[in-house]
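*Asks:* As numbered in our numbering, the sequence shown has no gaps in its residue numbers, which increase by one up to the final residue, 305. The C-beta atom is built at its ideal place from N, Cα and C for all residues, glycine as well. Remember, predicted model here, so these are calculated numbers, not experimental data. Before we start, here is the structure in question, set down as structure tokens.
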Amino acid sequence: MKQKKILDSELKDELNHLDFDIKAETFFTNFLEDYNIHFKFQDFFERGYSRDIKDIKKSDGVVSKTHYAYLTKMGFYDIFPEIIFHNSNSAVYTQEMVNNYKERKKQEAYAKDFFQPLENELFQYLLDAEKQEKEITSDLGEREFLVLLHKIWDIDQGLPFETMAKVFKFIPFIHKISGNIGAIVYILEHIFNEKILVSEASVYINNDKAENDELRLGDNFALKASNITYLKKYIFTIDKIKRLNNITDYFDGGKINKIIRLFLNYTIPFENDFEIDFTIAPTKQTFILNDKPYTGRMNISTKLA
């Protein structure tokens with residue numbers, strides 16, 4: 001019987017366009033309706049230095065929709081003891097060792113082929129779970145879902161839904177955003193459509209211990225004793241705010257300030273501090289005193305010359 005020829009799949013081109021390691025579940029969820037994909041679990045011990053999807057092939061034929069995905073995931077062959085699949089033969093001569101190795105590779109291939117249908121069936125549950133997560137993520141901007149998240153996390157109901165919808169869109173990626181100041185600034189600028197500048201400062205925290213306290217290595221000092229602790233502080237400045245009519249939203253306790261503070265609480269590392277500030281364009285700082293509220297705001301939009 002002539003064996004079918006296996007070719008590179010067009011899905012491999014889609015995979016090669018990605019410059020990062022993507023989960024097999026995440027990648028193949030987008031193609032399940034158009035392709036018949038068989039998953040092969042192999043080379044699990046290479047996972048530490050290889051991608052989750054090692055290769056994608058397809059059967060020979062122009063219109064063939066059968067594709068084979070080779071994944072570096074743990075299969076049943078990797079879970080069960082080897083004694084189940086192989087005889088414990090102790091070879092002495094080189095040729096015997098070579099023959100035993102070839103025989104074990106055949107037995108390994110037979111065992112993996114035997115478990116493949118069951119592994120594919122169980123892997124479908126992971127694909128279904130990934131598909132449901134994708135649907136939930138796409139619904140993060142829905143008003144009903146936002147109301148639910150507001151109640152679960154006890155978020156101020158007065159915050160605008162349109163802005164919070166943008167914030168919730170980044171929840172699945174919060175572990176990648178956390179600590180990345182460049183990404184945090186980029187996202188905040190996208191959410192509020194404002195230019196945001198970041199500067200760094202040091203916060204000095206005085207040690208309450210007395211000077212004559214006993215110093216213990218690894219307890220209250222490392223290489224030398226010091227009564228001052230330096231804490232890094234990030235100052236996020238909204239440069240030349242655009243919503244002057246709603247300037248109170250930028251104040252401490254205002255809507256914009258609250259949303260930024262909520263986002264930074266989850267993305268700035270615990271060992272760092274942050275501060276939120278804003279500036280007004282110089283052309284907007286001149287004013288004429290009259291009875292109209294918020295026309296001139298000393299130390300905010302105006303200063304004495």
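Might you give, ordered along the chain, the residues of its own chain that have their beta carbon closer than 8 Å to the beta carbon of residue 200, omitting 5 neighbours on each side?
*Replies:* 232, 233, 234 and 235
*Asks:* Please name the residue in 37, 252 and 241 whose C-alpha comes closest to that of residue 120.
*Replies:* 37
*Asks:* Please report the Cβ distance between residue 77 and residue 111, rounded to the nearest whole angstrom; I am assuming they are in contact, meaning their Cβ atoms lie under 8 Å.
*Replies:* Between residue 111 and residue 77 the Cβ distance is about 5 Å, and since that is below 8 Å, they are a contact.
*Asks:* Flag this pair as touching only if the region 40-53 and the region 68-87 have three or more C-beta atom pairs under 8 Å; answer yes or no.
*Replies:* The answer is yes - the region 68-87 touches the region 40-53, with three or more Cβ pairs under 8 Å.
*Asks:* Assuming residue 241 and residue 280 form a contact by the criterion Cβ under 8 Å, report the distance between their Cβ atoms to the nearest whole angstrom.
*Replies:* Going by Cβ atoms, the distance from residue 241 to residue 280 rounds to 6 Å, so yes, they are a contact pair.
*Asks:* Since residue 269 and residue 182 should fall inside the 8 Å C-beta cutoff, what is the C-beta to C-beta distance between them, to a whole number of angstroms?
*Replies:* Rounded, the Cβ-Cβ distance is 14 Å, inconsistent with contact.
*Asks:* With distance defined between alpha-carbon atoms, name the residue in 118, 170 and 277 nearest to residue 136.
*Replies:* 170
*Asks:* Tell me which residues share the same chain as residue 126 and place their Cβ nearer than 6 Å to its Cβ, disregarding the 5 neighbours each side in the sequence.
*Replies:* 25
*Asks:* Contact defined as beta carbons within less than 8 Å: I believe residue 203 pairs with residue 273. What is the distance between those atoms, to the nearest angstrom?
*Replies:* 5 Å
*Asks:* Jot down the residue ranges of each uninterrupted beta strand (DSSP E) in the region 22-72, minimum 3 residues, whole runs only, in chain order.
*Replies:* Listed in chain order, they are 36-41, 53-59 and 66-71.
*Asks:* So what's residue 15 in DSSP terms, helix, strand or just coil?
*Replies:* helix
*Asks:* Write down the C-beta distance between residue 197 and residue 237 rounded to the nearest angstrom, noting that I regard them as a contact closer than 8 Å.
*Replies:* 5 Å
*Asks:* Could one say the Cβ of residue 248 lies closer than 8 Å to chain C's Cβ atoms, at least one of them?
*Replies:* Any reference to chain C falls outside this structure, which holds one protein chain only.
*Asks:* Can you tell me which of the three DSSP states residue 3 falls into?
*Replies:* For residue 3, the predicted structure reports a pLDDT of 46, less than 50, and the residue's modelled location is therefore unreliable. A value from the coordinates is still provided. Coil at residue 3, not helix or strand.
*Asks:* Within 10 Å of its beta-carbon, does residue 283 have 16 or more other beta-carbons around it, so buried, or fewer, so exposed?
*Replies:* exposed
*Asks:* Please tell me whether residue 184 and residue 267 are closer than 8 Å, where the distance is taken between their beta carbons.
*Replies:* Yes, they are a contact pair.
*Asks:* Grouping DSSP H, G and I as helix and E and B as strand, with all else coil, what is residue 130?
*Replies:* In the structure shown, residue 130 sits in a helix (DSSP, three-state: H, G or I).
*Asks:* Quick check on the burial criterion: 16 or more other C-beta atoms within 10 angstroms. Buried or exposed for residue 147?
*Replies:* exposed
*Asks:* Go ahead and label residue 58 buried or exposed: buried means 16 or more other beta carbons lie within 10 angstroms of its beta carbon, across all protein chains shown.
*Replies:* buried
*Asks:* So, for residue 116: in the same chain, excluding its five sequence neighbours on each side, which residues have a beta-carbon less than 7 Å away from its beta-carbon?
*Replies:* Answer for residue 116: 40, listed in chain order.
*Asks:* Residue 90 to residue 97, Cα distance in whole Å?
*Replies:* 8 Å
*Asks:* Taking only runs of the alpha helix (DSSP H) that begin and end inside the region 221-267, which ones reach a length of at least 4 residues, in chain order?
*Replies:* 255-267
*Asks:* Pull up the distance between the alpha-carbon of residue 122 and that of residue 92, whole angstroms please.
*Replies:* 41 Å
*Asks:* Can residue 29 and residue 195 be called in contact, C-beta distance under 8 Å?
*Replies:* Not a contact, by the Cβ cut-off of 8 Å.
*Asks:* Would you kindly work out how many angstroms separate the C-alpha atoms of residue 48 and residue 34, rounded to a whole number?
*Replies:* 31 Å
*Asks:* Assuming the contact rule is C-beta atoms closer than 8 Å, residue 52 and residue 19 should be a hit. Round their C-beta distance to whole Å, please.
*Replies:* Actually they are not in contact, since the Cβ atoms of residue 52 and residue 19 sit about 14 Å apart, beyond 8 Å.
*Asks:* Helix, strand or coil for residue 92? Go by DSSP, reduced to three states.
*Replies:* coil
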